[in-house]
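Residue numbers for the sequence shown follow numbering that gives the first Met the number 0, so the first one is 0 and each next one is one higher. Backbone N, C-alpha and C define an ideal beta-carbon position, used for all residues, glycine too. No experiment lies behind these values; they were computed from the predicted model shown. Below is one structure, written out as structure tokens; the observations come after it.
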Amino acid sequence: MSIFRVRIYGDQVLRQVAREVKEINGELAKLAESMLQTMKHNQAVGLAANQVGELNRIFALDASLQSPKFEPFVLINPEIVEVSGVQVGEEGCLSFPGIFEKIERPQRVTVKGLNLEGEEFQFEGEGVVARAVLHELDHLNGKLIIDHVGSIRKQLISARMRKISNRNPP
């Protein structure tokens, strides 16, 4: 297992839609473990596969903010079952270092997917965890936080990210 380099805004992989996982195997398990380690290393709540250059529909999530009973886990081929309520809050992203934007999202979300054993399970998140689940699902669909802001904020964020990209080439 290793810590991945997180792709930042401007990397085209972030705009690509991740592919459904057809087979859960050792290679996917290694990817999942490295994603969990990368998420922990970066003190993040979530991490989508395309943020580390992989186009598999899988994300890592640390739901311990919702309840200490939850261990960090991965969700394969996640699908939204239900959303409810509304919340507006600051949202950050490892692919946009130092950028935090107020974004409106549902207050609660129920998602289903597979675990690393290939078993289907369902997870209900609320508050910041619901926000993280929906944020990671956005990533898997090629959507970024910059897509949730107005045109002036978009221009400001893009300019700031160009400066960051120029200082930190791949």
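Roughly how many angstroms separate the alpha carbons of residue i and residue j, rounded to a whole number?
{"i": "Lys-101", "j": "Val-20", "result": "32 angstroms"}
{"i": "Ala-43", "j": "Phe-69", "result": "15 angstroms"}
{"i": "Ile-98", "j": "Ile-144", "result": "9 angstroms"}
{"i": "Gly-52", "j": "Ser-83", "result": "31 angstroms"}
{"i": "Ile-23", "j": "Ser-1", "result": "19 angstroms"}
{"i": "Lys-39", "j": "His-147", "result": "26 angstroms"}
{"i": "Pro-77", "j": "Phe-122", "result": "10 angstroms"}
{"i": "Leu-134", "j": "Glu-89", "result": "Per the sequence shown, the amino acid found at residue 134 is His instead of Leu. So the two alpha carbons sit approximately 12 angstroms from each other."}
{"i": "Ala-62", "j": "Pro-71", "result": "6 angstroms"}
{"i": "Ala-17", "j": "Leu-54", "result": "4 angstroms"}
{"i": "Leu-13", "j": "Glu-116", "result": "27 angstroms"}
{"i": "Glu-125", "j": "Val-80", "result": "14 angstroms"}
{"i": "Asp-10", "j": "Gly-45", "result": "19 angstroms"}
{"i": "Ile-163", "j": "Ser-33", "result": "25 angstroms"}
{"i": "Lys-29", "j": "Glu-119", "result": "20 angstroms"}
{"i": "Pro-96", "j": "Ser-157", "result": "12 angstroms"}
{"i": "Gly-141", "j": "Gln-15", "result": "5 angstroms"}
{"i": "Gly-25", "j": "Gly-149", "result": "42 angstroms"}
{"i": "Val-110", "j": "Asp-137", "result": "13 angstroms"}
{"i": "Phe-3", "j": "Gly-91", "result": "19 angstroms"}
For the alpha helix (DSSP H) containing residue i, list its first residue and its last residue.
{"i": "Arg-56", "result": "Element bounds for Arg-56: n/a, residue is neither H nor E."}
{"i": "Lys-142", "result": "Neither: Lys-142 is in no alpha helix (DSSP H) and is coded neither H nor E."}
{"i": "Lys-39", "result": "25 to 40"}
Measure the beta-carbon distance from residue i to residue j and round it to whole angstroms, keeping in mind my assumption that it falls under 8 angstroms.
{"i": "Asn-184", "j": "Leu-93", "result": "With the chain represented from 0 up to 169, any question about residue 184 goes unanswered, as that position is not in the structure."}
{"i": "Leu-113", "j": "Ile-151", "result": "Not a contact, Cβ separation roughly 41 angstroms."}
{"i": "Ala-47", "j": "Leu-155", "result": "Actually they are not in contact, since the Cβ atoms of Ala-47 and Leu-155 sit about 24 angstroms apart, beyond 8 angstroms."}
{"i": "Ala-59", "j": "Leu-35", "result": "5 angstroms"}
{"i": "Val-73", "j": "Ala-31", "result": "4 angstroms"}
{"i": "Ile-7", "j": "Met-160", "result": "7 angstroms"}
I need the boundaries of the beta strand (DSSP E) containing residue i, first residue and last residue.
{"i": "Gly-45", "result": "45 to 47"}
Checklist entry - Given 8 angstroms as the limit, is there contact between the segment 124 to 138 and the segment 102 to 111, that is, 3 or more CB pairs closer than that? => result yes
Checklist entry - For the segment 53 to 137, which segments carrying the alpha helix (DSSP H) assignment without a break, of at least 4 residues, lie completely within its bounds, in sequence order? => result none
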